[in-house]
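S.K.: Protein chains in written order, with the working numbering: chain A, 1 to 317; chain B, 1001 to 1391.
Heads up, the beta-carbon is just placed ideally off N, CA and C, and yes, glycines get one too.
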Amino acid sequence: MDVRSVTDALGIQRESEDRAPQSSARVLGWLSLGLGVAALAAQPSVSRLCGVDDSPAARTVLRLAGARELGTAAALLIPRRARWGMWARVAGDAVDLAACAMAMRDRRGDRRQRLTYATLAVAGIAAVDLHTAVRATRGARRTTGDRVRASVTVNRSVEDTYRFWHDFENLPRFMYHLESVRMDGDGRSHWTARAPAGQTVDWEAELVDDRPNELIMWRSVAGGGLPNSGCVRFVPAGGGRATEVRVELGFTAPGGRFGARIAKLFGENPHQQICDDLRRFKQVIETGEITRSDGSPDGTSLRQQMMQRPAQPLATR
Amino acid sequence: MKANCWVAPDNVAVQDVPDPRIINPRDAVVRVTSSAICGSDLHLLQGYVPAMRKGDILGHEFMGEIVELGNGVRDGLRVGDRVVVAFPIACGNCTSCERGLHSLCENSNPNAAVAELAMGHSPAGIFGYSHLLGGYAGGQAQYARVPYADVGALKIEDDLPDEKVLFLSDVLPTGYMAAEMCDIERGDVVAVWGAGPVGYFSAVSAFLLGAERVIVIDRFPYRLRLARERAGAETINYEDTDVMDALREMTAGRGPDACIDAVGMEGHHASAALHAYDKTKQAVKAETDRPHALREAVLSCRNGGTISAVGAYTGFIDKFPMGSFMNRSLTMRSGQAHVQRYMRPLLDRIRKGEIDPSAIITHTMRLDDAPRGYDIFKNKREDCVKVVLKP
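1. Looking at C-alpha atoms only, which residue of B:1390, B:1059, B:1035, B:1103 is the closest neighbour of residue 1044 (chain B)?
2. Indicate whether residue 126 (chain A) and residue 97 (chain A) have their beta-carbon atoms separated by less than 8 Å.
3. Among B:1172, B:1018, B:1123, B:1094, which one has its Cα closest to the Cα of residue 1084 (chain B)?
4. To the nearest angstrom, how far is the alpha carbon of residue 104 (chain A) from that of residue 1112 (chain B)?
5. Give me the Cβ distance between residue 1229 (chain B) and residue 1215 (chain B), rounded to the nearest whole Å; I'm assuming they're in contact under 8 Å.
6. List, from N- to C-terminal side, the beta strand (DSSP E) runs of 3 residues or more that fit wholly inside the segment 109-195 of chain A.
7. Taking the beta carbon of residue 254 (chain A) as the centre, do at least 16 other beta carbons fall within 10 Å, making it buried, or is it exposed?
8. Would you say residue 305 (chain A) lies against chain B (beta-carbon separation less than 8 Å)?
9. Pick helix, strand or coil for residue 60 (chain A), following the three-state DSSP scheme.
10. Which residues bound the beta strand (DSSP E) around residue 1034 (chain B)?
11. Comparing the C-beta of residue 143 (chain A) with each C-beta of chain B, is any distance below 8 Å?
12. Less than 8 Å between CB atoms is the rule here; does residue 236 (chain A) satisfy it with respect to chain B?
13. The beta strand (DSSP E) with residue 941 (chain B) in it runs from where to where?
14. Under 8 Å between C-beta atoms, does residue 1048 (chain B) make it to chain A?
15. If distances are taken between C-alpha atoms only, which option among B:1108, B:1254, B:1186 comes closest to residue 1151 (chain B)?
16. Which value, in whole angstroms, describes the spacing of the CA atoms of residue 312 (chain A) and residue 80 (chain A)?
17. Taking residue 1160 (chain B) and residue 1317 (chain B) to be in contact with their CB atoms under 8 Å, please state how far apart those CB atoms are, rounded to whole angstroms.
18. Which residues in chain B have a C-beta closer than 7 Å to the C-beta of residue 279 (chain A)? List them in chain order.
19. Looking at the structure shown, is residue 1116 (chain B) part of a helix, part of a strand, or coil, going by DSSP?
20. Between B:1013, B:1031, B:1359, which lies nearest to residue 1200 (chain B) when the distance is taken from Cα to Cα?
21. Hey, out of B:1149, B:1139, B:1090, B:1157, whose CA is closest to residue 1123 (chain B)'s CA?
22. Out of curiosity, what's the CA-to-CA distance linking residue 186 (chain A) and residue 1128 (chain B)?
23. If you measure between the beta carbons of residue 300 (chain A) and residue 276 (chain A), is that distance less than 8 Å?
24. For residue 1374 (chain B) and residue 272 (chain A), I'd like the C-alpha separation in whole angstroms.
25. When DSSP labels each residue in this structure, what does residue 250 (chain A) get in the three-state scheme?
26. Which value, in whole angstroms, describes the spacing of the CA atoms of residue 2 (chain A) and residue 83 (chain A)?
27. When DSSP labels each residue in this structure, what does residue 1163 (chain B) get in the three-state scheme?
28. Measure from the alpha carbon of residue 1378 (chain B) to the alpha carbon of each residue in B:1311, B:1046, B:1281, B:1032, then state which is nearest.
29. List the residues of chain B whose Cβ lies closer than 8 Å to the Cβ of residue 289 (chain A), in chain order.
30. Tell me, please, whether the segment 1142-1149 of chain B touches the segment 1307-1324 of chain B by the rule of three or more beta-carbon pairs shorter than 8 Å.
31. Rounding to the nearest angstrom, what Cα-Cα distance links residue 297 (chain A) and residue 1137 (chain B) in this structure?
32. Return the chain-ordered list of same chain residues with a C-beta closer than 6 Å to the C-beta of residue 235 (chain A), the five sequence neighbours on each side being excluded.
33. Examine the Cβ distances between the segment 281-298 of chain A and the segment 1020-1031 of chain B and report whether three or more of them are shorter than 8 Å.
34. Quick one: grab the DSSP three-state call for residue 1074 (chain B).
35. So that I know if they touch, is there some Cβ in chain B lying closer than 8 Å to that of residue 77 (chain A)?
36. Please report the straight-line C-alpha distance between residue 1274 (chain B) and residue 1245 (chain B), rounded to a whole angstrom.
The following block contains the structure:
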């Protein structure tokens, strides 16, 4: 899936998928359906067209191919996004080409000519299938680039929300990957983040822009362990009672070689991590605590939810 | 401690589990004195609600005595207080809670991201009601942890027995909210599908709110008798009477002014063929819920009337009569009860004798007998309407 950045009708930048491979996949799905129905319903005409109407084995092969095409059609037309279903078509094409090659050995004259046309058609379709399959699955697991955006609405005034966030020492209360943030004065701060295997990563950050009740922008100072930058905007909502908190984090500071570190720190999906952080931020600023249940004793964390324990109280330590 | 745990579909067992403890400042730990089996627990029992795990403690209707309090609990609760606990967990601070929509609390479901996948947005967490709604341990146990106790636990200061106040935790507010959502005007006729506890309290509440007539629809004669004799309702047994014809007849052609669906996803239909149709679709996951009551409510309601849906649904229904709904200017309102909003006013009505919630209790048994309680409640044996468990 190609991911690209677009600006939507609301003026918000979003990552958007390239839809072209998806539409081709759907067209190919309908083609599969047509071929499958043709191979099953009009098997004599199809075998004549392919030049293999002289063999009883070809009848079975065609019927199997027809059934396979119907399966492929389902795999391409039913899901919202065709990904691995496309490779089923490619695999099918390979089988068809092999069958054509085998049939070619025994065919002569007019039959051979028709078989050649059929083989060329299959080869052409195979090329289109391969191209579409590659495009539909390429980068399917790629995350949304090196900038991450997330937002949440909290039931607090812009003033309260800005004040809470402006004290960076509050951030580790809801950002689980942060161990501590120390304010050093002069807009400087020292950040320590947890990394796997008990390691930590440290960096210095400085305020780039600070507009009270509007936005805070910071970036790491060159030479730190984790080049990054961030911006949080506070927008009044709900008639001024609530605040939209819109966060943007970037890992594009000069220096390169941070990709692996980011992956280590944030796991596979930084966007999900930031969303979890913001959910916990909302809990902390609205209720004063992080909501914990017996199944989720650590509170909101999508990764933890995959391995959730039964909703029984924790053993007393 | 002992707790009633979900083991597998159609299988619950009382097991030994660790005691709950305070893990957040606004928690309380309650020694449960009474808990109940709710109709919506049956959807969990039979595996219709996704995201149950082996060992999950069930139960969301319970009350007891506070034995431990976090240091952040506000609102004057003390150790030793007798409290009824609301089934939706609500923080009291978010926009939804401030609007009185406690079952939509924005903070109380730590698994909100999962619920969003299924429902678009997440509702509040609920005690003992699957990991989709938070993964909280329930109250069919000797002790229970109550998060945000200062919002969800109502102190009972007088000596009303458990039997009179226990149902403030769910079925009474649910029935009351069902009737309130009908915007009843004096003289209205209200039809209620389902004569279980919620249907019963809907009927009682509809009268309290000014309905002239209430018609309750069910298939069990003993439940219909309760609605007739204790709530003063008229009744229809849909197994021997055509509901739409009967309602048309009883209202001289206009239909009920408001229709309450107190049945939900596991409804039955008098026509075996229609029931089999939906049951089959449900079995192959082509729809998750069987909406017989809802369909009938829409088609029966008078032009311009209101449908109030409080029966539990989890996913998708099939063949909703949208043409009837749109062309006849119907209104539909629904929701899990915002219990916190109704507890205190309803407690006052109980005190004044306007409602006697204990009327629905048919069985009181020990927590150890919970599996038998589920069995007789589910299979409507021994004329069971409501089971109360005493830990």
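M.R.: This is what the structure gives:
1. Your numbering for residue 1044 (chain B) matches position 44 in the second sequence. Residue B:1059 is the option with its Cα nearest to residue 1044 (chain B).
2. Residue 126 (chain A) sits at position 126 when you count from the first residue of the first sequence. Residue 97 (chain A) sits at position 97 when you count from the first residue of the first sequence. Their beta carbons are under 8 Å apart, which means residue 126 (chain A) touches residue 97 (chain A) by this criterion.
3. Taking the second sequence and counting its residues from 1, one reaches residue 1084 (chain B) at position 84. Of B:1172, B:1018, B:1123, B:1094, the residue nearest in Cα terms is B:1172.
4. The residue given as residue 104 (chain A) occupies position 104 in the first sequence. The residue given as residue 1112 (chain B) occupies position 112 in the second sequence. The straight-line gap from Cα to Cα measures roughly 59 Å.
5. Taking the first residue of the second sequence as position 1, residue 1229 (chain B) is located at position 229. Taking the first residue of the second sequence as position 1, residue 1215 (chain B) is located at position 215. Going by Cβ atoms, the distance from residue 1229 (chain B) to residue 1215 (chain B) rounds to 15 Å, so no, they are not a contact pair.
6. 147-154, 178-185, 188-194
7. Here residue 254 (chain A) refers to the residue found at position 254 when the first sequence is read from its first residue. Because residue 254 (chain A) carries a pLDDT of 40, less than 50, the predicted location of this residue cannot be relied on, and no value is offered for it.
8. To locate residue 305 (chain A), count along the first sequence from 1; it is residue 305. With 8 Å as the cut-off, residue 305 (chain A) counts as an interface residue toward chain B.
9. Here the question's residue 60 (chain A) lines up with position 60 in the first sequence. Reduced to three states, the DSSP call for residue 60 (chain A) is helix.
10. Within the second sequence, residue 1034 (chain B) is the residue found at index 34, counting from 1. Start and end: 1028-1037.
11. Taking the first residue of the first sequence as position 1, residue 143 (chain A) is located at position 143. In this prediction, residue 143 (chain A) has a pLDDT of 43, which is less than 50 and means its spatial position is unreliable; what the coordinates show is noted afterwards. Closer than 8 Å: no.
12. The sequence position of residue 236 (chain A) within the first sequence is 236, counting from 1. Residue 236 (chain A) does not count as touching chain B.
13. Absent from the model: residue 941 (chain B). The displayed extent of chain B is 1001 to 1391, so no value can be given.
14. In the second sequence, counting from the first residue as 1, residue 1048 (chain B) sits at position 48. With 8 Å as the cut-off, residue 1048 (chain B) does not count as an interface residue toward chain A.
15. Residue numbering aside, residue 1151 (chain B) sits at position 151 when the second sequence is read from its first letter. Residue B:1108 is the option with its Cα nearest to residue 1151 (chain B).
16. What you label residue 312 (chain A) is simply residue 312 of the first sequence in a count that begins at 1. What you label residue 80 (chain A) is simply residue 80 of the first sequence in a count that begins at 1. Approximately 37 Å between the Cα atoms of the pair.
17. What you label residue 1160 (chain B) is simply residue 160 of the second sequence in a count that begins at 1. What you label residue 1317 (chain B) is simply residue 317 of the second sequence in a count that begins at 1. At roughly 39 Å, the Cβ-Cβ gap does not stay under 8 Å, so residue 1160 (chain B) and residue 1317 (chain B) are not in contact.
18. Here residue 279 (chain A) refers to the residue found at position 279 when the first sequence is read from its first residue. Near residue 279 (chain A) (Cβ distances below 7 Å), the residues of chain B are 1112.
19. Here residue 1116 (chain B) is taken as the residue at index 116 of the second sequence, counted from 1. Helix, per DSSP.
20. Counted from its first residue, the second sequence places residue 1200 (chain B) at position 200. The shortest C-alpha separation from residue 1200 (chain B) is found at B:1359.
21. Translated into the one-based positions of the second sequence, residue 1123 (chain B) becomes position 123. With distances taken between Cα atoms, residue 1123 (chain B) lies closest to B:1090.
22. Mapped onto the first sequence, residue 186 (chain A) falls at position 186. Mapped onto the second sequence, residue 1128 (chain B) falls at position 128. Taking the straight line joining both Cα atoms gives about 50 Å.
23. In the first sequence, counting from the first residue as 1, residue 300 (chain A) sits at position 300. In the first sequence, counting from the first residue as 1, residue 276 (chain A) sits at position 276. Contact flag set, yes.
24. Here residue 1374 (chain B) is taken as the residue at index 374 of the second sequence, counted from 1. Here residue 272 (chain A) is taken as the residue at index 272 of the first sequence, counted from 1. If you take the alpha carbons of residue 1374 (chain B) and residue 272 (chain A), they lie about 40 Å apart.
25. Residue mapping note: residue 250 (chain A) aligns to position 250 of the first sequence, counting from 1. If DSSP states are grouped into helix, strand and coil, residue 250 (chain A) belongs with the strands.
26. In the first sequence, residue 2 (chain A) corresponds to position 2, counting from 1. In the first sequence, residue 83 (chain A) corresponds to position 83, counting from 1. In this prediction, residue 2 (chain A) has a pLDDT of 46, which is less than 50 and means its spatial position is unreliable; what the coordinates show is noted afterwards. Their backbone Cα atoms lie some 12 Å apart in a straight line.
27. If you number the second sequence from 1, residue 1163 (chain B) lands on position 163. It is helical.
28. As a working note, residue 1378 (chain B) is residue 378 in the second sequence. Taking only the C-alpha atoms, the option nearest residue 1378 (chain B) is B:1046.
29. As a working note, residue 289 (chain A) is residue 289 in the first sequence. Result: 1024, 1025, 1026, 1072.
30. no
31. Taking the first residue of the first sequence as 1, we reach residue 297 (chain A) at position 297. Taking the first residue of the second sequence as 1, we reach residue 1137 (chain B) at position 137. Cα to Cα, the separation comes out at about 11 Å.
32. As a working mapping, residue 235 (chain A) is identified with position 235 in the first sequence. Cβ within range, chain order: 244.
33. yes
34. Numbered from 1 along the second sequence, position 74 holds the residue referred to as residue 1074 (chain B). Here residue 1074 (chain B) sits in coil by DSSP.
35. Working through the first sequence from its first residue, we reach residue 77 (chain A) at position 77. So, not an interface residue.
36. As a working note, residue 1274 (chain B) is residue 274 in the second sequence. As a working note, residue 1245 (chain B) is residue 245 in the second sequence. Going by the C-alpha atoms only, they are around 18 Å apart.
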